[in-house]
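Below: the structure, in structure tokens.
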Amino acid sequence: MKKRLLFNAALLVTVLLVQASRAQDATPLPEGAFARLGKGEVRATAFSPDGTRLAVASHIGLWLYDVHTGSEVGLLAGDTNEVRILTFSPDGTTLAGGGEDGMVWLWDGETGQSKAALQAHRRMVLAVVFSPDGKTLASSGRYDKKIQLWDGETGQHQNILTGHRWDVLALAFSPDGTTLASGSGDGDVRLWDGETGQHQNTLTGHGDWVYSVAFAPDGKTLASGSRDGAIRLWNANTGQHQDTLQGPTYRVYYLTFSPDGTTVVSTSDDATVRLWDVGTGQLKSTLEEGWFNTLSVAFSPDGTALASSRENTIQLWEIDTGQLKDVLTLIEHLQYVLAVAFSPDGKTLASGSDDNTVRLWDAKSGQLKATLKGHERSVNSVVFSPDGKTLASGSRDNTVRLWDADTGQLKNTLKGPVGWVESLAFSPDEKILASSDRHGTIWLWDIDSGQLKATVRTPVGWVESLAFSPDGKTLAGGNGDYSSQDNMVRLWDIATGQLRGALQGHIGIVNSVAFSPDGKTLASGSDDNTVRLWDADTGQLKTTLGGGSYVNSVAFSPDRKTLASAAGRNIRLWAAGSGQLKADLRYGAISLAFSPDGKTLASGNADGTILLWDMSPYTTASVPTALELSPTLPTQTALLANYPNPFNSTTWIPYQLHAPAQIRLTIYDIRGALVRATDRGYQQAGHYVAHWDGRDQHGQRVASGAYVYQLQAGPVVHGRKMLLVK
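Heads up: the sequence shown begins at 1094 in our numbering, then just goes up one per residue.
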């Protein structure tokens, strides 16, 4: 049974009761998406003073949870997707949030309605704190070196405190409210009069940024934590230095005192929580937190227990023993979604995440079916067996785990890889599971026995992605080793283990490979911002498509007519035959998967959510327009006018070929300097459209002005002008 904890009221705040809502309602879905799974990466947390609630801000919303059950009890109203800091007023009537865009928000603690939205700072809010009586709110932001004082109820501006030479990173009021302490990137701690804002004292001694300041409960001692790895204790009245608590030289991010003032707790970027004796300055104990940094900590009123929150879990500790008493996982909050896969029947969607878990979702309702735990590091790959009975997951903990896809029970753990497991692929006959690691080895496992059948050594550091051909005879792998710089796609004969071919052309690592359902085409996506289509039999390059940014994933629709590519800023849909762009969904993703019926595309995103996209507009027949592929072949090769023109940041360049040719598109500025060049490969006669995102060879946005674009089709060059206007 979970132990009921009551947390320090002077630290963080009260219960907020608001109307519950689904994750999909938190932030509007992008156009074309019809569902969102998960609630996004945790960005900020705050405990209520009685310990019954935890406020959690993520990329898509701000929720309140019951600490003891983990159940969701409320969703905060308003614009919350930028929140990076949370704190409550001491009486619980107001919740304040600091945003990445410099905004400070105030919400009513009873109704959840927005009370004020303050354009407080030019850049990210770094600190927000209420005075003990709740009448004053202090905030600081990046690059402005100032402390802003606001009315804690109405949000009216009161004062500006200046004097620091760099960003103010930390703020704290003394328990009686007479003093405001600030820590800065200039290495100083400053003390200000809590009522007038007058500067009182400057405390020097830290050799680097001061990340945290905290007053003892009696107000007599002030603690400061720094990037120099030290915690300094000061007399809060005189400013005299009393002691330095020096442990391992890790950045000290967060400090708080125990209720009796005898212990100070610190968190640092080595993912530990340390407890220090204030009287002796000695380290009392170290609580090992694991892989992720701690977001906040809070004592129980009697000082015998400590709660810490990090990423998507709450850790409960008993102070005397330092033992972990309980762990509460807030389900549906994820880190990066690194992999997604549909079950063969289309009923289940699996996801692998940076939070070390595998999750199974109902593909129709979007409800979470199960969370599979066991991996100790990020899950890079998930894949269902062709019969749908087994789910395999590969992790940075150097293991492959096999799960029962129906029950979620662990069936087997395959140990052997000596580095991160980057990718997994089942053979179509379900006899072999291939896995790749970061030491240049592909491992071939017997599915029935779980025994290693064979290994294939590669000439590169690691293979980033794997795919079996539909007939199971060929295994494709993309090079993911930055240091090797060969950037090839390799094909191995499964029967012999011998290398069949090495496909050259990419100038960046290959993040993803996928065979078309008929096995005739192999697609590869790369860090060079391109998708390349290869003839799977001959290895010849068929065409090159612009990904728009680093291409993280490629996937063919089941009917083989559509190819999806995921890049940093967009998901693009291509006609797999002609290479024409069908749609740009204007949303970045890390991983992609089509449902077996082709009606849905799932994207795993860097914000810790999964989006489901409706593919019906791109898979049903439509009336061709003048810009779509004509049924008749062109009578001449021509470079056509780009559209729109003039354009703002992005444009399309149509062209037509009356005969097959090797194609190269080049863009120059008006002075003749090269801006961008793209080899589109050997293309058949037909109509094509290329895309330019207004960036140069290095991915940088180009300036407004006139540009010349050229089409080289074999020995013939065609040219036109276009105008970029911002």
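Note that CB positions come from ideal geometry on N, CA and C, so glycine has one too. Since the structure is predicted, the reported quantities are computational estimates derived from the model, not experimental observations.
**OP:** For Y1800, name the three-state secondary structure that DSSP assigns.
**Re:** As a first step, residue 1800 is located in the sequence shown; it is residue number 707 there, counting from the start. Y1800: strand per DSSP, three-state reduction.
Subject >> Residue from L1453, A1669, G1487 with nearest C-alpha to W1627 >> reply: For the purposes of this step, residue 1627 is taken as residue 534 along the sequence shown, with counting starting at 1. Cα-wise, what sits closest to W1627 is A1669.
Subject >> Residue from V1582, D1772, A1686, P1737 whose Cα sits closest to the Cα of P1437 >> reply: Taking the first residue of the sequence shown as 1, we reach residue 1437 at position 344. P1437 has its Cα closest to that of A1686, out of V1582, D1772, A1686, P1737.
Subject >> Extent of the continuous beta strand (DSSP E) to which H1250 belongs >> reply: Reading the sequence shown from its first residue, position 157 is the one you call residue 1250. Note, H1250: beta strand (DSSP E), 1250-1254.
Subject >> Helix, strand or coil at S1696 according to DSSP, with G and I counted as helix >> reply: Here the question's residue 1696 lines up with position 603 in the sequence shown. If DSSP states are grouped into helix, strand and coil, S1696 belongs with the strands.
Original post:
How far does the beta strand (DSSP E) with W1793 in it reach, from first residue to last?
Top reply: As a working mapping, residue 1793 is identified with position 700 in the sequence shown. The sequence given here has Gln at residue 1793, not Trp. Element bounds for Q1793: n/a, residue is neither H nor E.
Original post:
Would P1552 be called buried (16 or more neighbouring beta carbons within 10 Å of its own) or exposed?
Top reply: Position 459 of the sequence shown, counted from the start, is the residue given in the question as residue 1552. Exposed, because fewer than 16 other Cβ atoms sit within 10 Å of the Cβ of P1552.
**OP:** Keeping to the same chain, check which residues put their C-beta closer than 6 Å to that of G1639; ignore five residues upstream and five downstream.
**Re:** Taking the sequence shown and counting its residues from 1, the one referred to as residue 1639 is at position 546. Within the same chain, G1639 has close Cβ partners H1784.
Subject >> Alpha-carbon to alpha-carbon, Y1775 and K1239 >> reply: What you label residue 1239 is simply residue 146 of the sequence shown in a count that begins at 1. What you label residue 1775 is simply residue 682 of the sequence shown in a count that begins at 1. So the two alpha carbons sit approximately 59 Å from each other.
Subject >> Which of helix, strand or coil DSSP assigns to S1709 >> reply: Within the sequence shown, the letter at position 616 stands for residue 1709. Reduced to three states, the DSSP call for S1709 is helix.
**OP:** Pick helix, strand or coil for V1476, following the three-state DSSP scheme.
**Re:** Counting from one through the sequence shown, the residue named residue 1476 turns up at place 383. Correct three-state label for V1476: strand.
**OP:** Return the CA-CA distance between A1527 and D1395, expressed in angstroms with no decimal places.
**Re:** Taking the sequence shown and counting its residues from 1, one reaches residue 1527 at position 434. Taking the sequence shown and counting its residues from 1, one reaches residue 1395 at position 302. Approximately 54 Å, taken between the alpha carbons.
Original post:
With 16 as the cutoff for other CB atoms within 10 Å, does T1728 come out buried or exposed?
Top reply: As a working mapping, residue 1728 is identified with position 635 in the sequence shown. Under this definition T1728 is an exposed residue.
Original post:
What are the boundary residues of the beta strand (DSSP E) that S1275 is part of?
Top reply: Position 182 of the sequence shown, counted from the first residue, corresponds to residue 1275. Looking at the DSSP string, the run of the beta strand (DSSP E) that includes S1275 is 1272-1277.
Original post:
What whole-angstrom Cβ distance do S1696 and A1682 have, given they're in contact under 8 Å?
Top reply: Counting from one through the sequence shown, the residue named residue 1696 turns up at place 603. Counting from one through the sequence shown, the residue named residue 1682 turns up at place 589. About 4 Å separates the two Cβ atoms, so the contact holds.
Subject >> C-beta contact flag for R1653 and S1609 at 8 Å >> reply: On the sequence shown, position 560 is the one that residue 1653 refers to. On the sequence shown, position 516 is the one that residue 1609 refers to. It is a contact, given that the beta carbons lie within the stated cut-off.
Subject >> Of the residues L1568, L1242, Y1236, the one placed nearest R1258, counting alpha carbons only >> reply: One-based indexing of the sequence shown puts residue 1258 at position 165. Per the Cα distances, Y1236.
Original post:
Is A1556 near S1529, with beta carbons less than 8 Å apart?
Top reply: Here residue 1556 is taken as the residue at index 463 of the sequence shown, counted from 1. Here residue 1529 is taken as the residue at index 436 of the sequence shown, counted from 1. Residue identity check: residue 1556 is Val in the sequence provided, not Ala. For V1556 and S1529, yes; Cβs fall inside 8 Å.
Subject >> Extent of the continuous beta strand (DSSP E) run through N1604 >> reply: Taking the sequence shown and counting its residues from 1, the one referred to as residue 1604 is at position 511. Element bounds for N1604: 1603-1608.
Subject >> Where the beta strand (DSSP E) through S1359 begins and ends >> reply: For the purposes of this step, residue 1359 is taken as residue 266 along the sequence shown, with counting starting at 1. It spans 1356-1361 - the beta strand (DSSP E) in which S1359 sits, taken as one unbroken run.
Original post:
Cα-Cα, which of Y1429, W1454, L1537, D1448 is closest to K1440?
Top reply: Sequence index remark: in the sequence shown, residue 1440 carries index 347 (1-based). Of the listed residues, the one whose Cα sits closest to K1440 is W1454.
**OP:** Let me know the beta strand (DSSP E) ranges lying completely inside the region 1634-1700, each 3 residues or longer, listed in chain order.
**Re:** 1634-1639, 1644-1649, 1655-1660, 1664-1668, 1674-1677, 1684-1687, 1693-1697
**OP:** Mind reading off the beta-carbon distance from K1524 to I1540? Whole number of angstroms is fine, and I expect it under 8 Å.
**Re:** Along the sequence shown, read from residue 1 onward, the residue named residue 1524 stands at position 431. Along the sequence shown, read from residue 1 onward, the residue named residue 1540 stands at position 447. Confirmed, Cβ separation roughly 6 Å.
Original post:
Under a Cβ-count criterion, where at least 16 other Cβ atoms within 10 Å of its own Cβ denotes burial, should N1090 be classed as buried or exposed?
Top reply: What is shown of the chain runs 1094 to 1819, which leaves residue 1090 out entirely.
Original post:
What do you get for V1810, buried or exposed, if any count of 16 or more other CB atoms within 10 angstroms of its CB means buried?
Top reply: Along the sequence shown, one-based indexing puts residue 1810 at 717. Classification of V1810: exposed, given that the 10 Å Cβ count is below 16.
Original post:
Excluding five sequence neighbours on each side, which residues of the same chain lie with their C-beta closer than 7 Å to the C-beta of D1677?
Top reply: Residue mapping note: residue 1677 aligns to position 584 of the sequence shown, counting from 1. Result list for D1677: N1663, R1665, in chain order.
Original post:
Candidates V1221, N1294, Q1293, G1248: which alpha carbon is nearest V1261's?
Top reply: The sequence position of residue 1261 within the sequence shown is 168, counting from 1. That would be V1221, whose Cα lies nearest to the Cα of V1261.
Original post:
Relative to the alpha-carbon of G1372, which residue among V1357, V1366, A1364, L1147 has its alpha-carbon at the smallest distance?
Top reply: Taking the first residue of the sequence shown as position 1, residue 1372 is located at position 279. Of the listed residues, the one whose Cα sits closest to G1372 is V1357.
Original post:
With distances taken from CA atoms, which of Y1643, G1641, V1624, S1642 is nearest L1634?
Top reply: Locating residue 1634 in the sequence shown gives position 541, where the first residue counts as 1. If we check each option's Cα against that of L1634, V1624 comes out closest.
Original post:
Given that a residue counts as buried once 16 or more other Cβ atoms are within 10 Å of its Cβ, and exposed if not, what is V1549?
Top reply: Taking the first residue of the sequence shown as 1, we reach residue 1549 at position 456. V1549 comes out buried.
Original post:
Buried or exposed: G1334, going by 16 or more other Cβ atoms within 10 Å of its Cβ?
Top reply: Here residue 1334 is taken as the residue at index 241 of the sequence shown, counted from 1. According to the sequence as given, residue 1334 is His; it is not Gly. Counting Cβ neighbours within 10 Å, H1334 comes out exposed, since fewer than 16 surround it.
**OP:** Name the two residues that bound the continuous beta strand (DSSP E) containing Q1375.
**Re:** Start at 1 with the first residue of the sequence shown, and residue 1375 comes out as number 282. Per DSSP, Q1375 belongs to no beta strand (DSSP E) and is neither H nor E.
Subject >> beta strand (DSSP E) runs wholly inside the region 1527-1589, at least 3 long, in chain order >> reply: 1534-1539, 1545-1550, 1556-1561, 1567-1572, 1582-1586
**OP:** Report yes or no: do three or more beta-carbon pairs, one from the region 1471-1490 and one from the region 1727-1741, lie closer than 8 Å?
**Re:** no
Original post:
Excluding sequence positions up to five away, which residues of its chain have a Cβ less than 7 Å from the Cβ of G1270?
Top reply: By one-based count along the sequence shown, residue 1270 stands at place 177. Cβ neighbours of G1270 beyond the five flanking positions: S1224, P1225, D1226, G1287.
Original post:
So Y1775 is in the beta strand (DSSP E); what residue range does that whole segment cover?
Top reply: As a first step, residue 1775 is located in the sequence shown; it is residue number 682 there, counting from the start. Run containing Y1775: 1767-1776, per the beta strand (DSSP E) assignment.
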